[in-house]
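9 is the number of the first residue of the sequence shown in this note's numbering; add one for each residue after it. Shown next, in structure tokens, is the structure this report addresses.
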Amino acid sequence: METGSLKERIPTGSLGEGALFNRELSWIEFNSRVLDEALDPTQPLLERLKFLTIFSTNLDEFFMIRVSGLQEQLEANPMMLSPDGLTPATQLRLISERLKPLLDLQLRCLRDQILPGLEQYGVRIASYGHLDGGQREEMRTFYTERVFPVLTPLSVDPSHPFPYISNISLNLGILVIPEEADEEDEPRFARVKLPPNVPRLIPVSNSDGYHFILLEEVIAAHIETLFPGMRVLECQPFRITRDADIEIEEDEAGDLLKTVEQQLRRRRFGFGVRLEVSAGMSPHMVKLLRKSLELEEQDVYVIDGPLNIPDLMTLYKLDLPELKDPPFTPVTLPALSARETLFDAIRHQDILIHQPYESFAPLVEFLREAARDPNVMAIKQTLYRVGPDSPIVQALIDAAERGKQVAVLVELKARFDEENNIIWAKRLEQAGVHVVYGIIGLKTHAKLALVVRQEKSTLRRYVHLGTGNYNPVTARIYTDLGLFTANPDFGADVSDLFNFLTGFSRQSRYRKLLVAPVSLRQGLVEMIRREVEHHRAGRPARISAKFNSLTDTELIEELYAASRAGVPIDLVVRGICCLRPGMPGRSETIRVGSIVGRFLEHSRVYRFLNGGKDEIYLGSADLMNRNLDRRVEVLFPIEDERIKERIRVEVMETALTDNVKMRWLQPDGRYIRPRAVDEKPVDSQSILLAPALLS
9 METGSLKERI
19 PTGSLGEGAL
29 FNRELSWIEF
39 NSRVLDEALD
49 PTQPLLERLK
59 FLTIFSTNLD
69 EFFMIRVSGL
79 QEQLEANPMM
89 LSPDGLTPAT
99 QLRLISERLK
109 PLLDLQLRCL
119 RDQILPGLEQ
129 YGVRIASYGH
139 LDGGQREEMR
149 TFYTERVFPV
159 LTPLSVDPSH
169 PFPYISNISL
179 NLGILVIPEE
189 ADEEDEPRFA
199 RVKLPPNVPR
209 LIPVSNSDGY
219 HFILLEEVIA
229 AHIETLFPGM
239 RVLECQPFRI
249 TRDADIEIEE
259 DEAGDLLKTV
269 EQQLRRRRFG
279 FGVRLEVSAG
289 MSPHMVKLLR
299 KSLELEEQDV
309 YVIDGPLNIP
319 DLMTLYKLDL
329 PELKDPPFTP
339 VTLPALSARE
349 TLFDAIRHQD
359 ILIHQPYESF
369 APLVEFLREA
379 ARDPNVMAIK
389 QTLYRVGPDS
399 PIVQALIDAA
409 ERGKQVAVLV
419 ELKARFDEEN
429 NIIWAKRLEQ
439 AGVHVVYGII
449 GLKTHAKLAL
459 VVRQEKSTLR
469 RYVHLGTGNY
479 NPVTARIYTD
489 LGLFTANPDF
499 GADVSDLFNF
509 LTGFSRQSRY
519 RKLLVAPVSL
529 RQGLVEMIRR
539 EVEHHRAGRP
549 ARISAKFNSL
559 TDTELIEELY
569 AASRAGVPID
579 LVVRGICCLR
589 PGMPGRSETI
599 RVGSIVGRFL
609 EHSRVYRFLN
619 GGKDEIYLGS
629 ADLMNRNLDR
639 RVEVLFPIED
649 ERIKERIRVE
659 VMETALTDNV
669 KMRWLQPDGR
679 YIRPRAVDEK
689 PVDSQSILLA
699 PALLS
């Protein structure tokens, strides 16, 4: 089947007819754009597989957090309405109706395009029935020696209740009956969990190429060994998704570290929110599982293909460079290497780094240099998502061991990174670092690093502020912006903010920074309203911004008011957007686009034309209620005119002229590509990546 025919059949969903789009349905539209990348025949095959896996992992988190939240609302307050006027039950029904056609499209893409395409390069996932005698003997030996000893069949009968099934684990549902059963004997159910410490893709001996078989097929082919004296009637894979949100009440968080550790243990036992079953599973077994897990019919998703597609990313590690995007080497800016030390370079001028096109290495070197420099007195930093084997954390540990005063705020409540952050926090504490675990009631999402250095008779502060995490892994796949500066006002503001984060300061005024939950919301409102006044007075006025999500109803209403006044507004919103553009009399001057490409668009930029005196802010905050009111976030102004021009041209104008990866949001909720057939293609990420590909 041609990819084009699949793309033409991508189902479009309704997001409602009011002033706002539904948050959950808007997120699904974002994930459909991820799926659209997998359907693109111009993408290398393994990159298309990557987008299929991203689509699935995104959905897992969506169910564990957002769908579970709606199900809790349904139990607690079934008449509660979302900002767009939908009950929890209606939202759950619409989510199910919207997702099922997309999942069907995902599986058809994998089954009819990706896997057949990979076979042309010698990569094949074989079915057990197609193995020859020698290969079957090989799999029998593998099963006997590596798999059988770790399998534990759990049966269900009057003395054995339905077993607990862990979140997003792969399982086999089995119906068995005694070999000498009477007619009145009912089949019995058993469950076998696929061992997570055995590879999902088992290599099969072959004269050429890469051949694999799925672990569940190997187990199913030998399932009788687990049930001697029984006849196996059915053996089918399934997967359950559970509520995995961690909620911490202020009155239970006396010891935040211990509380988060306890909540992580509870996460495994959350209630069920989704059941994925193989297309070959009988209605009898589906009903048995659904009833045992207390799920509704709309919570069951039939998968016509392998469950848990992300396991297939093992194939991405194969040595097949022609099936992947070309590699690149991030550029190191000349300004960072033109001086004797990084401190000299930063003191000379503000420096902007645009990742992943430019190297993350200078940030690591900034902290390593600070650890080694005898003139550095103190280092302070926030850590949200750190990543494994972090050179950042190692630099902070080295600094503490060399006698520097090091203070680090580790945000333990960074979703799905809690366990990793606990490990790093304990390592930092053991090295003598002053570790703070966040603030009760607020997540610390701001990206800040402060180095205090003795220079002759004065202490000078060097600051890094960013839009992305201090994580060298994501720095190669997320687009982010980071600013190095020795501006005294920035240094004083960051010092004040760290005093708030680590002490009992109630700082409410900052010289340069907009800080949530103190001043960020009001600062944005004032700048939007200021553009209205400039427009009414005949002065230049425009708002353009780039960020990840737009759900905050107050700021949406402010943008609507600015549009009614005639202010042109261009927004590049990668993910959720509840604002409906192009509505007559409400949002006619607002354009909303979304870029989904090789890199995850993660940078946040807010630009206000301000009567011709351009103001640009960068930072960590999206326009969501949680970011503005329930997190510590920072937006910081760009004051260097060279950097301002660079952001205007390189970041904003390049994005807004993209006609390859950009999709524009329509008033009815559809996203469309703008490029005409004869129009020159403009791919913003490819343009920015070109110098790194050449280097």
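Backbone N, C-alpha and C define an ideal beta-carbon position, used for all residues, glycine too. The structure displayed is predicted, hence computed values, not measured ones.
Practice task
Please confirm if L60 has its CB atom under 7 angstroms from at least one CB of chain C.
Solution key: Among the chains of the structure shown, chain C does not appear; only one protein chain is present.
Practice task
Decide if the region 114-134 is in contact with the region 194-202; the criterion is three or more beta carbon pairs, one per stretch, under 8 angstroms apart.
Solution key: no
Handout entry: First and last residue of the uninterrupted beta strand (DSSP E) at E463
Key = Taking the sequence shown and counting its residues from 1, one reaches residue 463 at position 455. It spans 455-463 - the beta strand (DSSP E) in which E463 sits, taken as one unbroken run.
Handout entry: Assigned secondary structure, C117 (DSSP; H/G/I helix, E/B strand, else coil)
Key = By 1-based counting over the sequence shown, the position of residue 117 is 109. C117 falls in the helix class under three-state DSSP.
Handout entry: Reference P91; option with closest CA among E366, N30, L283
Key = Stepping through the sequence shown from its first residue, residue 91 is reached at position 83. Checked all of E366, N30, L283; the closest Cα to P91 is N30.
Problem - First and last residue of the uninterrupted beta strand (DSSP E) at L360 - result: The residue you call residue 360 lines up with position 352 of the sequence shown. Its beta strand (DSSP E) spans residues 359-363.
Practice task
Output the distance between the C-alpha atoms of L14 and I311, rounded to the nearest integer angstrom.
Solution key: Looking up residue 14 in the sequence shown gives position 6. Looking up residue 311 in the sequence shown gives position 303. Unreliable placement is indicated for L14, whose pLDDT of 44 sits below 50; no coordinate value is reported for it.
Exercise for the section: At 4 residues or longer, and completely inside the region 581-613: list those alpha helix (DSSP H) runs for me, N to C. Expected result: none
Exercise for the section: Enumerate in chain order the residues of its own chain whose CB-to-CB distance from A700 is below 7 angstroms, with the five nearest sequence positions on each side excluded. Expected result: Locating residue 700 in the sequence shown gives position 692, where the first residue counts as 1. Closer than 7 angstroms at Cβ, skipping near neighbours: F336, T337, P338, V339, Y365.
Handout entry: Where the alpha helix (DSSP H) through N179 begins and ends
Key = As a working note, residue 179 is residue 171 in the sequence shown. Not the alpha helix (DSSP H): N179 falls in the beta strand (DSSP E), residues 178-186.
Problem - Identity of the residues DSSP links to Q389 by a beta bridge - result: In the sequence shown, the residue the question calls residue 389 occupies position 381. The partner list for Q389 (beta bridge, DSSP) reads V416, A457.
Exercise for the section: Output the residue ranges of the alpha helix (DSSP H) runs that lie fully inside the region 511-569 and measure 4 residues or longer, sorted by chain position. Expected result: 528-544
Practice task
Tell me whether R529 is buried or exposed, calling it buried when 16 or more other Cβ atoms sit within 10 Å of its Cβ.
Solution key: Taking the sequence shown and counting its residues from 1, one reaches residue 529 at position 521. Buried is the call here.
Problem - Opening and closing residue of the alpha helix (DSSP H) in which L78 lies - result: Within the sequence shown, numbered from 1, the residue matching residue 78 stands at position 70. Residues 76-84.
Exercise for the section: Would you mind reading off the limits of the alpha helix (DSSP H) that contains Q438? Expected result: Taking the sequence shown and counting its residues from 1, the one referred to as residue 438 is at position 430. Counting along the chain, the alpha helix (DSSP H) containing Q438 begins and ends at 426-438.
Handout entry: Whole alpha helix (DSSP H) elements within the region 304-387, 4-residue minimum
Key = Fully enclosed alpha helix (DSSP H) runs of 4 or longer: 342-345, 350-356, 369-380.
Practice task
Indicate whether G181 and F246 have their beta-carbon atoms separated by less than 7 angstroms.
Solution key: For the purposes of this step, residue 181 is taken as the residue at position 173 of the sequence shown. For the purposes of this step, residue 246 is taken as the residue at position 238 of the sequence shown. It is a contact, given that the beta carbons lie within the stated cut-off.
Practice task
Using only alpha-carbon positions, find the residue among Y392, L78, L107, L375 that is nearest to M385.
Solution key: Residue numbering aside, residue 385 sits at position 377 when the sequence shown is read from its first letter. Answer by Cα proximity: L375.
Problem - Host beta strand (DSSP E) of E623 (start-end) - result: Start at 1 with the first residue of the sequence shown, and residue 623 comes out as number 615. Run containing E623: 623-627, per the beta strand (DSSP E) assignment.
Problem - Member of E145, C585, E687, R537 whose CA lies at the smallest distance from the CA of D560 - result: The sequence position of residue 560 within the sequence shown is 552, counting from 1. Cα-wise, what sits closest to D560 is C585.
Practice task
Just tell me which of K434, P675, N495, E32 has its CA closest to the CA of L458.
Solution key: Residue numbering aside, residue 458 sits at position 450 when the sequence shown is read from its first letter. Among K434, P675, N495, E32, the Cα nearest to that of L458 belongs to N495.
Practice task
Compare the beta carbon distance of A433 and V418 with 7 angstroms and say whether it is the shorter of the two.
Solution key: As a first step, residue 433 is located in the sequence shown; it is residue number 425 there, counting from the start. As a first step, residue 418 is located in the sequence shown; it is residue number 410 there, counting from the start. In terms of Cβ geometry, A433 and V418 form a close pair [threshold 7 angstroms].
Exercise for the section: Could you check if I680 is buried or exposed, using at least 16 other CB atoms within 10 Å of its CB as the buried criterion? Expected result: Within the sequence shown, numbered from 1, the residue matching residue 680 stands at position 672. With fewer than 16 Cβ atoms within 10 Å of its Cβ, I680 is classed as exposed.
Exercise for the section: Give the C-beta separation of T597 and V575 to the nearest angstrom, bearing in mind that I take them to be a contact with Cβ-Cβ under 8 angstroms. Expected result: Translated into the one-based positions of the sequence shown, residue 597 becomes position 589. Translated into the one-based positions of the sequence shown, residue 575 becomes position 567. Yes, T597 and V575 are in contact; Cβ-Cβ is about 6 angstroms, under 8 angstroms.
Problem - Residues near E257 in its chain [Cβ-Cβ closer than 7 angstroms; skip 5 each side] - result: Within the sequence shown, the letter at position 249 stands for residue 257. Residue placement at E257 cannot be trusted, given a pLDDT of 48 that sits under 50; what the coordinates show is reported in the next sentence. Here the set comprises nothing.
Handout entry: Residues near M147 in its chain [Cβ-Cβ closer than 6 angstroms; skip 5 each side]
Key = In the sequence shown, residue 147 corresponds to position 139, counting from 1. Result list for M147: V226, in chain order.
Problem - Straight-line gap, D488 to V285 (C-alpha atoms, nearest Å) - result: By 1-based counting over the sequence shown, the position of residue 488 is 480. By 1-based counting over the sequence shown, the position of residue 285 is 277. Whole-angstrom Cα-Cα distance: 38 angstroms.
Problem - Whether P645 touches K520 by CB criterion (7 angstroms) - result: Residue numbering aside, residue 645 sits at position 637 when the sequence shown is read from its first letter. Residue numbering aside, residue 520 sits at position 512 when the sequence shown is read from its first letter. Between P645 and K520, the C-beta spacing is below 7 angstroms.
Practice task
Could you pull out every residue in the same chain whose Cβ sits closer than 6 angstroms to the Cβ of V414, ignoring the five residues on either side in sequence?
Solution key: On the sequence shown, position 406 is the one that residue 414 refers to. For V414, where only same-chain residues beyond five positions count, the Cβ hits under 6 angstroms are I387, L404, A407, A408, V441.
Exercise for the section: Note the first and the last residue of the continuous alpha helix (DSSP H) segment covering G677. Expected result: In the sequence shown, counting from the first residue as 1, residue 677 sits at position 669. Element bounds for G677: n/a, residue is neither H nor E.
Handout entry: Residue environment, F156, which counts as buried when at least 16 other CB atoms sit within 10 Å
Key = Position 148 of the sequence shown, counting from 1, holds the residue named residue 156. Exposed: under 16 other Cβ atoms inside 10 Å.
Handout entry: Three-state class that DSSP yields for I248 in the structure shown
Key = As a first step, residue 248 is located in the sequence shown; it is residue number 240 there, counting from the start. In the structure shown, I248 sits in a strand (DSSP, three-state: E or B).
Handout entry: Residues of its chain near L209, where Cβ-Cβ distance is below 6 angstroms and the 5 sequence neighbours each way are ignored
Key = As a position in the sequence shown, residue 209 is number 201, starting the count at 1. The beta carbon of L209 sits closer than 6 angstroms to those of F220, T322, all from its chain and outside the five residues before and after it, given in chain order.
Practice task
Apply the 10 Å Cβ neighbour rule to D501 and answer buried if 16 or more other Cβ atoms are within range, or exposed otherwise.
Solution key: Walking along the sequence shown from the start, residue 501 turns up at place 493. Buried is the call here.
Practice task
State yes or no: is the C-beta of T475 within less than 7 angstroms of the C-beta of S602?
Solution key: Start at 1 with the first residue of the sequence shown, and residue 475 comes out as number 467. Start at 1 with the first residue of the sequence shown, and residue 602 comes out as number 594. Not a contact, by the Cβ cut-off of 7 angstroms.
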